[in-house]
Amino acid sequence: MHFHHFFVTRIKVSYQSAIHIFMSVVSCSLVLASLISSAQNRLAPAYPLVVHDPYFSIWSFGDVLNSSTTRHWTGKQHSLRGQVEIDGKTYNLLGADETKKDDAENATQQAVTMNATQTIYTFICGGMNLELAFTSPLLMSDLTLLSRPVSYITYTAVSSDGATHQVKVSLSASTDIATNTPGEEVTASQYTSGGLGILKAGTVEQPVLKKKGDDVRINWGYLYLATTATSNTKQFISGDTAAGTGTVKGKSLTLHTVADLGKVGKKKKEQIFLLGYDDIYSVQYFQQNLRPYWNTDGTHTIEEQLSLAMKSYPEVLRKCQAFNTKLYADAVAAGGKKYADLCVTAYRQSIAAHKLLKSPQGEILFLSKENFSNGSINTVDVTYPSAPLFLLYNPDLLKGMLNGIFYYSESGKWAKPFPAHDLGTYPLANGQTYPEDMPVEEAGNMLLLTAAIAKAEGNTAYAKKHWAVLSTWADYLVTNGLDPVNQLCTDDFAGHLARNANLSLKAITGIGAYAQLAGKSGDQVKADKYMAIARDMSGKWLQMSNAGDHYALTFENTNSWSQKYNLVWDKILSLKLFPQSVYDKEIKYYLSKQQPFGLPLDSRKTYTKSDWVLWTATLADNPQDFDALIAPIHKYMLEGAVRVPLSDWHETTTGKMVGMQARSVVGGYFMKMFAQKVKNDTL
């Protein structure tokens, strides 16, 4: 799941060094931004602007939008620039040119707000109030909309001094957004379609699905910048080699769109820009190239999607705003304001670390990428911590995270009696590339998540479809799960561990989940048999792991301890394999081990995984204990030393990022909300 420890030391050190160099470079480039933003309220380590999938993902790495260049989640520059001209004077709103001085004056940022689907900035300059809103409509109730690779960038202008002003707004996008490295040659063109003025750019080479790996960006498909075509809008292309309309070839070109709003007074005026990306083919799935979900059959065009996006803007915005309000209210009700803030920050990041497609068999595929951990695609032990967000809002998407793993085993391509770790290295899902299995980990994950889907949906139809292989995995856990031999678990960055008490919990609850599925499916004999096995194992676990005032990390070392985050499924699925006293004892002990930036993962190191802390906190029986466990994670989000999209692996003593960022696993923050839904709905 994380950067994988058994690579030779030289490679691991090299990777760690690269991460630290990257962080140093980003930190240096943002020193000025930090100084400028000292008066701003920090809401997140980095702010999502245009986020759809692991390749189309643009962020602001500071609190002030016009103080630094916008970046891909990997830190490479994916520059967007936004300006406003007021009565002939130009002001910067969005992005910055870090290589040369910009003659334009920076508008004064008044505030930034974030909600689930939007990041909104307000500015004042030249007697005008300006709002710049970034909306990525990642609404999981509408998979067609979720899949549409188009974000809205909306300018709103209104007079702040009562006078009328002449106003123009502009948005520019670097063609580097369509390249892996800026040195790649691109072509760019300008045309109209469906009432839109469109700028398009992509590499000359177009090496579709030729590159895989972690710290890489897409260099096939095409970037699109569009707005309504009127006599008041102007579009052009600039760069080192040429400038103008028509088709231009060169490196690191810039797409420009300018809209003249005319006279603006007390009545607001608005300009909507669209930024889209058509990757043509998104993933190779067992040697077959798959188109994105919105164009599965190849009969749709990106121009249609851009046109639909523009026409449906009022309705999409209304749906987004309604969802934003409901998510926040539900999160506050479940866990309080700090918890709600964590969920808002995690929402778009978690979704956008996946790609939505359909398999050749017609099933949903929602394939994750292990961002800055090793680049694997559809890793089971990344799906596992991510799951609560998708269980809460659309279990079909969690099925899309499991379908490929089920297919891999059921097709005979994967013949082992436990699930694969992954389907390959993003974007090539042709079979596991991780060189070591995690048998107990992945078998437990698949059983627990399948049972969680049944809980969320109120039926076992999905489990029945995969019953044969689920049974194989359950039997594997019966034989191998109680006292696991030396192997990796999802926290593989911590190394191999034998007799892992938390991994044993996963096996026990996994068997209990299988028993529950059997019972709900009408096979009471099997249900009774496997639940009896799980109860017997839980009794042995309590004896083997008992360390007095807590339960141990490993069965043979009572001086050790660890977060027992896997225990949360006993509570949520109501398996009743462990008494409440186990939860209470562990929570009390955890509270004695807290550090300024969170609860350490276990007794070996002071680092933690924030997703697991949120799972562990869900074990707490009262709001005070829950608050006490999540407050340091909230502090890390607001005060952590490194400004990148949320890192889920950090030091609890210093708040420093250890590694990994922009990953889907922060969907695990929604575990408390899912638990609350289960409780309220009595699912």
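The C-terminal position of the sequence shown is numbered 685 in the numbering used here, with every residue numbered one higher than the one before it. Backbone N, C-alpha and C define an ideal beta-carbon position, used for all residues, glycine too.
Contact check, residue i vs residue j, beta carbons under 8 Å
| i | j | result |
| --- | --- | --- |
| Leu210 | Pro429 | Here the sequence assigns Val to residue 210, which means Leu is not the residue at that position. The answer is no: Cβ separation not under 8 Å. |
| Val1 | Ala118 | The shown model of the chain, from 3 to 685, leaves out residue 1, and the question about it has no answer. |
| Tyr123 | Leu134 | yes |
| Asp296 | Ala664 | Strictly speaking, residue 296 in this sequence is Trp, with Asp absent from that position. No; because the gap between Cβ atoms is not below 8 Å, this pair is not in contact. |
| Val114 | Ala261 | no |
| Ala643 | Ile632 | no |
| Leu490 | Ser506 | no |
| Gly97 | Ser81 | yes |
| Pro50 | Arg645 | no |
| Ser361 | Asp424 | no |
| Ala500 | Val487 | yes |
| Tyr585 | Asp629 | no |
| Trp2 | His552 | What is shown of the chain runs 3 to 685, which leaves residue 2 out entirely. |
| Tyr157 | Gln273 | yes |
| Leu579 | Ile510 | yes |
| Tyr349 | Pro419 | no |
| Thr229 | Thr249 | no |
| Asp683 | Lys611 | no |
| Pro397 | Ala324 | no |
| Leu577 | Gly670 | no |
| Leu344 | Ile635 | yes |
| Ile407 | Pro390 | no |
| Val218 | Ala203 | no |
| Lys214 | Thr427 | yes |
| Ala354 | Val615 | no |
| Met130 | Val66 | no |
| Leu198 | Met312 | yes |
| Pro441 | Asn376 | no |
| Met662 | Ser649 | yes |
| Leu329 | Phe676 | no |
Per DSSP, cross-strand counterpart(s) of residue i
| i | result |
| --- | --- |
| Asn548 | Tyr553 |
| Ile535 | In DSSP, Ile535 forms no bridge with anything. |
| Trp296 | Trp296 pairs with nothing; no bridge assigned. |
| Val250 | Ala190 |
| Pro50 | Trp61 |
| Lys270 | For Lys270, which the question treats as bridged, DSSP gives no partner whatsoever. |
| Val660 | Bridge partners of Val660: none, in fact. |
| Gly669 | Note: Gly669 sits in no beta bridge, so no partner. |
| Leu276 | Tyr154 and Ala228 |
| Leu499 | Gln489 |
| Ser426 | It is worth fixing the name first, because residue 426 is Gly in this sequence and not Ser. Answer by DSSP bridge pairing, in chain order: Ile379. |
| Phe238 | His258 |
| Glu653 | Tyr609 |
| Gly264 | Val169 |
Residue i burial status per 10 Å Cβ neighbour count (16 or more: buried)
| i | result |
| --- | --- |
| Asn68 | buried |
| Pro387 | buried |
| Asn380 | buried |
| Asn128 | The amino acid at residue 128 is misidentified as Asn; the sequence shows Gly. With 16 or more other Cβ atoms within 10 Å, it is buried. |
| Ser583 | exposed |
| Tyr17 | In this prediction, Tyr17 has a pLDDT of 38, which is less than 50 and means its spatial position is unreliable; what the coordinates show is noted afterwards. It is buried - the Cβ of Tyr17 has at least 16 other Cβ atoms within 10 Å. |
| Lys91 | exposed |
| Glu412 | exposed |
| Glu588 | buried |
| Val27 | A caution first: Val27 carries a pLDDT of 41, below 50, which makes its placement in the model unreliable, though a value can still be read off. With fewer than 16 other Cβ atoms within 10 Å, it is exposed. |
| Ala456 | buried |
| Ser547 | buried |
| Gly541 | exposed |
| Lys679 | buried |
| Arg293 | buried |
| Asn568 | buried |
Checklist entry - Of all the beta strand (DSSP E) runs that stay within the bounds of the region 594-651, which reach a length of 3 or more residues? => result 609-611
- Item | Minimum length 3: unbroken beta strand (DSSP E) runs contained in the region 320-386 | 356-360 and 366-370
query: Where in the region 460-486 do unbroken runs of the alpha helix (DSSP H), each at least 4 residues long, occur, reported from the N-terminal end onward?
result: 463-467 and 469-482
Point to revise | Inter-stretch contact (C-beta, 8 Å, three-pair minimum) for the region 176-186 and the region 158-168 | key: Short answer: they don't touch.
Handout entry: Whole beta strand (DSSP E) elements within the region 74-147, 3-residue minimum
Key = 82-88, 91-96, 110-116, 120-127 and 130-137
Query - beta strand (DSSP E) runs wholly inside the region 154-229, at least 3 long, in chain order - result: 167-176, 187-195 and 198-205
Do the region 513-520 and the region 470-480 meet, that is, are 3 or more Cβ pairs less than 8 Å apart?
yes
* Is it true that the region 139-158 meets the region 295-310, where meeting means three or more beta-carbon pairs spaced less than 8 Å apart? -> Counting Cβ pairs under 8 Å, three or more are found: they touch.
So, does the region 399-414 touch the region 361-372, judging by three or more C-beta pairs under 8 Å? yes
Fill in: Segment contact, 8 Å Cβ cut-off, at least three pairs: the region 271-285 with the region 217-225
yes
Are the region 596-607 and the region 649-657 touching, with three or more C-beta to C-beta distances below 8 Å? yes
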